[in-house]
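Using the UniProt record's numbering, read the sequence shown as starting at 1 and increasing by one per residue.
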Amino acid sequence: MSSFGYDPYFSTSYKRRYVETPRVHISSVRSGYSTARSAYSSYSAPVSSSLSVRRSYSSSSGSLMPSLENLDLSQVAAISNDLKSIRTQEKAQLQDLNDRFASFIERVHELEQQNKVLEAELLVLRQKHSEPSRFRALYEQEIRDLRLAAEDATNEKQALQGEREGLEETLRNLQARYEEEVLSREDAEGRLMEARKGADEAALARAELEKRIDSLMDEIAFLKKVHEEEIAELQAQIQYAQISVEMDVSSKPDLSAALKDIRAQYEKLAAKNMQNAEEWFKSRFTVLTESAAKNTDAVRAAKDEVSESRRLLKAKTLEIEACRGMNEALEKQLQELEDKQNADISAMQDTINKLENELRSTKSEMARYLKEYQDLLNVKMALDIEIAAYRKLLEGEETRLSFTSVGSITSGYSQSSQVFGRSAYSGLQSSSYLMSARSFPAYYTSHVQEEQTEVEETIEATKAEEAKDEPPSEGEAEEEEKEKEEGEEEEGAEEEEGMKSIKKKAFQNLYCKLAVDFYWEIHDLCRPCLSKFYVSFVVINNTHIMRTHTFSKHRW
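In structure tokens form, the structure reads like this:
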């Protein structure tokens with residue numbers, strides 16, 4: 001902060017005018033002060049308002065100017081008391097604002113610590129994100145291997161299915177042959193049954209013929225017996241007749257010839273019957289024998305055919321059993337392969353599902369991390385917006401100060417030192433200034449308090465010097481009053497304009513330095529958590545051109 005003294009921004013004519021006529025009008029000072037207070041009465045309580053008056057007197061004069069004789073010390077004391085009360089209020093308000101700013105700084109430190117913690121968590125999360133990518137490559141390789149194994153198993157299954165289809169075709173052919181053999185067997189069995197039926201019929205016919213032969217033999221025997229009995233009876237009759245004939249030979253005719261004729265006739269009849277019976281029996285026996293022989297050949301052929309059919313049936317049955325056993329073995333092997341493939345496919349599907357679940361969980365975790373990162377970015381953006389708001393408030397305060405007056409100043413000017421008093425800045429009651437005042441730490445407030453202390457010391461020194469000096473004469477007082485009345489209207493406008501320019505430049509220089517110091521303080525405090533921080537201030541050069549300097553910090 002620069003000290004009070006010579007200001008190179010003012011013209012020589014302005015200095016000369018105020019050095020040659022160092023008049024002080026207390027009423028104008030009080031009216032200016034009341035005007036300054038009324039100009040800011042629409043705002044809240046004043047934040048910082050002080051009156052700095054610095055008077056320097058020439059060492060060569062050795063006495064006060066005649067215009068100072070009429071200075072009302074009671075009014076100056078009242079102004080000093082008002083300034084003290086105002087300064088006390090402002091000091092309390094500044095202490096409150098400093099406490100608020102300290103809490104803000106603590107909040108900044110807390111946010112800085114949270115930012116460091118979040119950066120550490122973000123680093124850990126990024127490291128975790130790098131590991132799932134490596135695991136993902138391993139899982140994808142494992143999935144590719146499992147898919148290749150599944151494709152090999154599918155190809156093997158297709159080959160086994162082709163082999164199974166071939167075996168099923170062979171089985172169908174064997175089943176067709178088996179059905180044909182069954183049909184041929186049934187045909188052979190039917191023919192065998194017919195042959196058996198024919199054999200049974202032949203056996204029955206033979207038995208019947210045998211029975212008939214037996215009956216015929218019995219009949220022949222009976223006929224022979226009857227014939228023998230008849231022959232015996234006839235012989236007995238013949239013998240009896242011979243005896244009778246012999247007895248009656250003499251009286252009766254000879255019957256022997258008749259008996260012989262009858263005997264010959266009966267013998268011829270018996271021989272003829274015997275011959276007919278033998279011929280019939282022989283013919284019948286021959287027929288039966290031939291029929292039996294024929295039936296025996298048919299039965300033998302049927303038996304041979306049945307045995308051949310049984311042999312073929314047994315062979316086909318064995319072949320069918322072998323094919324059935326092979327089919328069962330192949331079906332069992334196919335079932336085992338299907339079970340194994342199903343188990344492998346289930347295991348692969350479980351592995352794929354597990355990998356997909358892990359991938360989904362990884363994606364969800366990544367989404368959560370991205371959301372947290374977005375939240376951090378939102379917090380960062382909020383801080384950027386808050387910083388931009390502070391910057392806008394500072395720029396608005398800067399613009400407002402360029403168009404408004406800052407208070408009233410009572411100053412004395414020395415004739416030889418050519419030194420102007422430093423301006424004091426009145427209470428700034430706008431909300432934008434309140435917001436900017438919150439951002440100044442106690443270190444910068446102490447400079448303002450030191451400045452106010454210097455102003456109060458200057459006022460007290462002026463009172464002491466006025467008390468020691470002798471009052472001027474009445475002629476000089478009248479002349480001074482007359483000159484003041486004459487030049488009051490002429491110099492009023494220039495004095496007001498010059499005082500405004502002095503106050504404006506003084507406050508701008510002070511504001512510039514405080515803004516730069518405050519920027520570097522915040523720069524050191526908020527380095528990890530602020531993206532950009534802007535501080536704008538104005539500098540008036542020799543040509544009275546306003547410039548804006550903007551400080552920016554690199555992104556963290």
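Note that the Cβ used here is the ideal one computed from N, Cα and C, for glycine as well.
Query                                                                                                   : Result
Rounded straight-line distance, which links the Cα of L377 to that of A92                               : 38 Å
Alpha carbon of D297 to alpha carbon of R196, nearest angstrom                                          : 12 Å
Buried/exposed call for I86, threshold 16 Cβ in 10 Å                                                    : buried
Rounded straight-line distance, which links the Cα of A150 to that of D344                              : 8 Å
E395 versus E356: straight-line alpha-carbon distance, rounded                                          : 56 Å
Whole runs of the alpha helix (DSSP H) within the region 257-339, excluding any shorter than 4 residues : none
contact_flag[the region 172-186, the region 305-320] where n(CB pairs < 8 Å) is 3 or more               : yes
Backbone CA spacing between L204 and L334 [nearest angstrom]                                            : 59 Å
Which of helix, strand or coil DSSP assigns to E358                                                     : helix
Inter-residue spacing [alpha-carbon to alpha-carbon] between E169 and D339                              : 23 Å
Alpha helix (DSSP H) segments (min. 4 residues) lying fully within the region 113-161                   : none
With 16 other Cβ atoms within 10 Å as the buried cut-off, status of N98                                 : buried
At least three beta-carbon pairs within less than 8 Å, the region 198-216 to the region 325-333         : no
Beta-carbon proximity of L359 to R136, cut-off 9 Å                                                      : yes
Under the three-state DSSP convention, the category E395 falls into                                     : helix
Contact belief for N295 with G198 at Cβ below 8 Å, rounded distance in angstroms                        : 7 Å
Residue burial classification, E397 (beta-carbon count within 10 angstroms, cutoff 16)                  : buried
Residue from I387, R126, Q341 with nearest C-alpha to E365                                              : R126
Buried/exposed call for I387, threshold 16 Cβ in 10 Å                                                   : buried
Span separating the alpha-carbon of K211 from that of A221                                              : 15 Å
Alpha-carbon spacing of A271 relative to L209, whole angstroms                                          : 25 Å
Distance, E336 Cα to A301 Cα                                                                            : 51 Å
Contact between the region 317-325 and the region 173-182 (3+ Cβ pairs under 8 Å)                       : yes
Presumed contact (8 Å Cβ cut-off) between L167 and N327, rounded CB distance                            : 7 Å
Option in L259, E194, Y266 with minimal Cα separation from V226                                         : Y266
Residue nearest to E278 in terms of C-alpha spacing, selected from S291, L234, E219, K314               : E219
Proximity of I213 and L288 at Cβ, strictly below 9 Å                                                    : yes
Cα-Cα separation, D350 to S361                                                                          : 16 Å
Nearest residue (CA-CA) to D304, options E156, L192, I79                                                : L192
Presumed contact (8 Å Cβ cut-off) between L313 and E181, rounded CB distance                            : 7 Å
Burial state of I385, where buried means 16 or more other Cβ atoms lie within 10 Å                      : exposed
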